[in-house]
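J.: Sharing a structure here in structure tokens format.
Numbering (our numbering), first residue to last: 113 to 857.
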């Protein structure tokens, strides 16, 4: 195909947009050029929003947008605009709200019809090429919309005004504020219990999503009721199972353990390579939507690390390591640092997860007879599987435990384990020979920062030095390539800005600078604080403070409180409905921007003592306090932010003496073993402690301690901005930390 036959998306940077450059549709990217054409030609706009990992987006591309007949209708009657929801989540969120208001539908592909000035008046998601699925054919929809726009233009404009008004009301939190209270935690927990599936774990029915923020909140609440673990040989926490309870929270434990176990044993988890698919189409976690997202895996990684801390389950620790194994292999730029965005579900439109699924013959062809028997029993591989498009295809999920297989085959459990390990390696090696679903190597700032934080958390708890080093290298890349001096450079916090994209997937694509959104700033500031705690390198703390200050300058609503998701009049923000200001509250599915921003500010307040950070965080949380409880588990990150506000901070500073690395590791192991949102751990050398590597709140105390001259390792426990005398005994630190956390609870 020559360049003359390509449409304008050949000049796009996004992998999703570039995948449509060959289509006969005269696509435009979002921008003034498209809107000017719509106004000039007085045509409605067809807006398609999708993603490179989206199965039904690819289906609609092939069925409709590749069809010359559809293209003829679109090109004659519409100005067509295609948007990548990963590249422009600010556009996606607003038009999702609009289409939901019109049709009650949402998701991808999002198909919206707009007036020439970008105001939505009709829309839906997937439209089939012929009448079916209870939906009209796409050609019929296009023709009807084109006729209505010409013949009933007044009605169309009126409908667009109504939709715009609905969006504005839905996004406004005016008059919905209130006093911040711990009652929100009870409301979220009640919502989780009411939605909990006692048979299969998780929340709600099919389709079933993981809800990692809600899980993290529940895990932390449970962790605060159990004893802090005792020490293991190398200073890591000993996680003997079961843990001793201080309270009676069997119900909370059951929700956590059941959900984490069912997800990790289900087909929603990649049993061969590790890592989670996006969600399950059934309530049993068996058949997934096969795309795999970096942000799902980062947040679930934290869930399994925290689940390990709270319950002592080695299985959860193994899952966490397995997630990292998959991310290292598939979603990591090992050379430069950085995490890739996603892996697609399919090779082509003719398959549905065929890369990940197995027929009995496929498994038998690569395994010995004994290995095949074990694998078939363990993963429920049969002649008839779970996939509708190819009934012979099986999703691998754990059906029978090793002990049951041992009994049925009359062999030892150890032999079963050896056979299963061998089968997994052979099946994965065989799978690697198959055509591989596309990996979007775009490096998004916010998602990368979430991955950095998750890797650092896993490294701290599980002692994974390689994960720690890669996380720091990835963060360094973000700070080096996406933290930029603004055109309006000066001395103000707004003189620097964060981008949304570090690098695009296609090396042939031209790079463009997309302005960072609230989520990018908040997640990156959090990652910088996590990196500071992991390294005691004060430069990370300074980056966190600078990014948070820029976040305040660019997004904070000083009048009504809270943070807007995007800056006004940036990247074409005045186009379409982008003038509608949004203050994100709900997790969807990534943590929401406002509570993340509040968490950043509260953590900075704990380190700096600057009351301005706390005031803005409290004002932000108050903005939503009157309605947050109504969102149940979808307000979980808000609930976590409330805990940061209401509970006293507990900080442990471990100072490593000149020859006491083993003792310092033991003290750090105790400090890291307990999971609590309001706890932070900082390990540094005696030289670092006196050389200005501490933030203001700690710099007043730690450098003046006489123990720094002793050469011995020690720990200082601080709570509520007051520090206790140094301790050298890990058991004493354990008792003190337990007491401090209990008092702050």
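All residues carry an ideal CB built from backbone N, CA and C; glycine is no exception.
Return yes when the Cβ of residue 549 is within less than 8 Å of the Cβ of residue 458, no when it is not.
T.: In the chain shown, counting from the first residue as 1, residue 458 sits at position 346. In the chain shown, counting from the first residue as 1, residue 549 sits at position 437. Contact: yes.
J.: Measure the Cβ-Cβ separation of residue 555 and residue 613 and say whether it is below 8 Å.
T.: The residue labelled residue 555 in the question sits at position 443 within the chain shown. The residue labelled residue 613 in the question sits at position 501 within the chain shown. Closer than 8 Å, so yes.
J.: Leaving aside the five residues before and after residue 730 along the sequence, list all residues of the same chain whose C-beta is less than 7 Å from its C-beta, in chain order.
T.: As a first step, residue 730 is located in the chain shown; it is residue number 618 there, counting from the start. Once the five neighbours on either side are set aside, the close Cβ partners of residue 730 are 292, 757.
J.: Taking the C-alpha atoms as reference points, what is the distance between residue 673 and residue 582?
T.: Counting from 1 along the chain shown, the entry for residue 673 is found at position 561. Counting from 1 along the chain shown, the entry for residue 582 is found at position 470. Going by the C-alpha atoms only, they are around 37 Å apart.
J.: Taking only three categories from DSSP, how would you classify residue 389?
T.: Counted from its first residue, the chain shown places residue 389 at position 277. It is coil, neither helix nor strand.
J.: Considering just the uninterrupted stretch of the beta strand (DSSP E) at residue 234, what are its terminal residues?
T.: Numbered from 1 along the chain shown, position 122 holds the residue referred to as residue 234. Where residue 234 is concerned, the enclosing beta strand (DSSP E) stretches over 232-236.
J.: For the 8 Å Cβ check, are there 3 or more pairs between the stretch 636-655 and the stretch 559-578?
T.: Touching, yes.
J.: Taking the continuous alpha helix (DSSP H) assigned at residue 569, which residues delimit it?
T.: As a working note, residue 569 is residue 457 in the chain shown. Segment 557-574, the alpha helix (DSSP H) holding residue 569.
J.: Given residue 587, which residues of its chain have a CB within under 6 Å of its CB, disregarding the five upstream and five downstream residues?
T.: For the purposes of this step, residue 587 is taken as residue 475 along the chain shown, with counting starting at 1. So the qualifying residues of the chain are 564, 639, 643.
J.: Since residue 662 and residue 641 are thought to touch, with beta carbons under 8 Å apart, how far apart are those beta carbons, to the nearest angstrom?
T.: Mapped onto the chain shown, residue 662 falls at position 550. Mapped onto the chain shown, residue 641 falls at position 529. Residue 662 to residue 641, Cβ: 15 Å. No contact.
J.: Are residue 280 and residue 692 close, meaning C-beta to C-beta below 8 Å?
T.: Taking the first residue of the chain shown as 1, we reach residue 280 at position 168. Taking the first residue of the chain shown as 1, we reach residue 692 at position 580. For residue 280 and residue 692, yes; Cβs fall inside 8 Å.
J.: Rounded to whole angstroms, how far is the Cβ of residue 111 from the Cβ of residue 398, which I believe are closer than 8 Å?
T.: Coverage of the chain is limited to positions 113 through 857, which leaves residue 111 absent and any answer about it impossible.
J.: Measure the C-alpha to C-alpha separation of residue 530 and residue 389 and round it to an integer number of angstroms.
T.: Position 418 of the chain shown, counting from 1, holds the residue named residue 530. Position 277 of the chain shown, counting from 1, holds the residue named residue 389. Each residue's Cα considered, the two are about 27 Å apart.
J.: Residue 366: which of 330, 384, 400 sits nearest, CA to CA?
T.: Counting from one through the chain shown, the residue named residue 366 turns up at place 254. Out of 330, 384, 400, 330 has the C-alpha closest to the C-alpha of residue 366.
J.: I'd like to know if the stretch 703-714 and the stretch 745-761 are in contact, where contact means that at least 3 CB-CB pairs between them fall below 8 Å.
T.: Enough Cβ pairs lie closer than 8 Å, so yes.
J.: Residue 676 to residue 668, Cα distance in whole Å?
T.: By one-based count along the chain shown, residue 676 stands at place 564. By one-based count along the chain shown, residue 668 stands at place 556. Looking at the two C-alpha atoms, the distance is approximately 6 Å.
J.: Opposite residue 197 in the DSSP bridges: which residues?
T.: By 1-based counting over the chain shown, the position of residue 197 is 85. Bridge partners of residue 197: none, in fact.
J.: Taking the beta carbon of residue 541 as the centre, do at least 16 other beta carbons fall within 10 Å, making it buried, or is it exposed?
T.: Along the chain shown, one-based indexing puts residue 541 at 429. Residue 541 comes out exposed.
J.: Write down the C-beta distance between residue 517 and residue 489 rounded to the nearest angstrom, noting that I regard them as a contact closer than 8 Å.
T.: Numbered from its first residue, the chain shown carries residue 517 at position 405. Numbered from its first residue, the chain shown carries residue 489 at position 377. About 5 Å separates the two Cβ atoms, so the contact holds.
J.: Can you give the Cα-Cα distance for residue 479 and residue 536, rounded to whole angstroms?
T.: One-based indexing of the chain shown puts residue 479 at position 367. One-based indexing of the chain shown puts residue 536 at position 424. Computed Cα separation, rounded: 9 Å.
J.: Can you give the Cα-Cα distance for residue 316 and residue 411, rounded to whole angstroms?
T.: Sequence index remark: in the chain shown, residue 316 carries index 204 (1-based). Sequence index remark: in the chain shown, residue 411 carries index 299 (1-based). Taking the straight line from one Cα to the other gives about 19 Å.
J.: Let me know if residue 810 comes out buried or exposed under the rule of 16 or more other beta-carbons within 10 Å of its beta-carbon.
T.: The count along the chain shown starts at 1 and reaches residue 810 at position 698. That one is buried.
J.: Below 8 Å between beta carbons: does that hold for residue 256 and residue 616?
T.: Translated into the one-based positions of the chain shown, residue 256 becomes position 144. Translated into the one-based positions of the chain shown, residue 616 becomes position 504. It is not a contact, given that the beta carbons lie outside the stated cut-off.
J.: How long is the line joining the alpha carbons of residue 585 and residue 796, rounded to whole angstroms?
T.: What you label residue 585 is simply residue 473 of the chain shown in a count that begins at 1. What you label residue 796 is simply residue 684 of the chain shown in a count that begins at 1. Going from the Cα of residue 585 to the Cα of residue 796 covers about 20 Å.
J.: Is the stretch 296-305 in contact with the stretch 742-750, if contact means three or more CB pairs nearer than 8 Å?
T.: Verdict: yes, contact present.
J.: Mind pulling the alpha helix (DSSP H) runs of 4 or more residues that sit fully within the stretch 488-562?
T.: List check, alpha helix (DSSP H) in window: 514-521, 525-543.
J.: Whole angstroms is fine: what's the gap from residue 348's alpha carbon to residue 834's?
T.: Translated into the one-based positions of the chain shown, residue 348 becomes position 236. Translated into the one-based positions of the chain shown, residue 834 becomes position 722. Note on residue 348: pLDDT 46, under 50, position unreliable in the model; the coordinate value appears next. Their backbone Cα atoms lie some 27 Å apart in a straight line.
J.: Just to confirm my understanding: we take residue 428, look at its own chain, exclude 5 residues before and 5 after, and list those with CB closer than 7 Å. What are they?
T.: As a first step, residue 428 must be located in the chain shown, where it is residue number 316. Around residue 428: 372, 416, 419, 420.
J.: Round the Cβ separation of residue 130 and residue 456 to the nearest angstrom and send it over; I've been treating them as touching at under 8 Å.
T.: Against the chain shown, residue 130 aligns to sequence position 18. Against the chain shown, residue 456 aligns to sequence position 344. Actually they are not in contact, since the Cβ atoms of residue 130 and residue 456 sit about 14 Å apart, beyond 8 Å.
J.: Would you check if there are 3 or more beta carbon pairs closer than 8 Å linking the stretch 491-510 to the stretch 467-476?
T.: Output reads yes: the stretch 467-476 touches the stretch 491-510.
J.: Going by DSSP, what residues sit across from residue 827 in a beta bridge?
T.: Within the chain shown, the letter at position 715 stands for residue 827. BP columns for residue 827 point to 766, 839.
J.: Can you name, in chain order, every residue of its own chain whose Cβ lies under 6 Å from the Cβ of residue 713, other than the five neighbours on each side?
T.: Locating residue 713 in the chain shown gives position 601, where the first residue counts as 1. So the qualifying residues of the chain are 725, 728, 729.
J.: Starting from residue 792 and walking both ways along the beta strand (DSSP E), at which residues does that stretch end?
T.: Taking the first residue of the chain shown as position 1, residue 792 is located at position 680. Counting along the chain, the beta strand (DSSP E) containing residue 792 begins and ends at 791-797.
J.: Report the three-state DSSP secondary structure of residue 222 (helix, strand or coil).
T.: Residue 222 sits at position 110 when you count from the first residue of the chain shown. Looking at residue 222 - three-state DSSP - the assignment turns out to be strand.
J.: At 4 residues or longer, what runs of the alpha helix (DSSP H) sit wholly inside the stretch 120-188?
T.: If we require 4 residues or more, the alpha helix (DSSP H) runs fully inside the stretch 120-188 come out as 127-130, 144-153, 167-172.
J.: Output needed for residue 828: all residues of its chain with C-beta closer than 6 Å, excluding positions within five of it in sequence on either side, in chain order.
T.: Position 716 of the chain shown holds residue 828. Cβ within range, chain order: 765, 835, 838.
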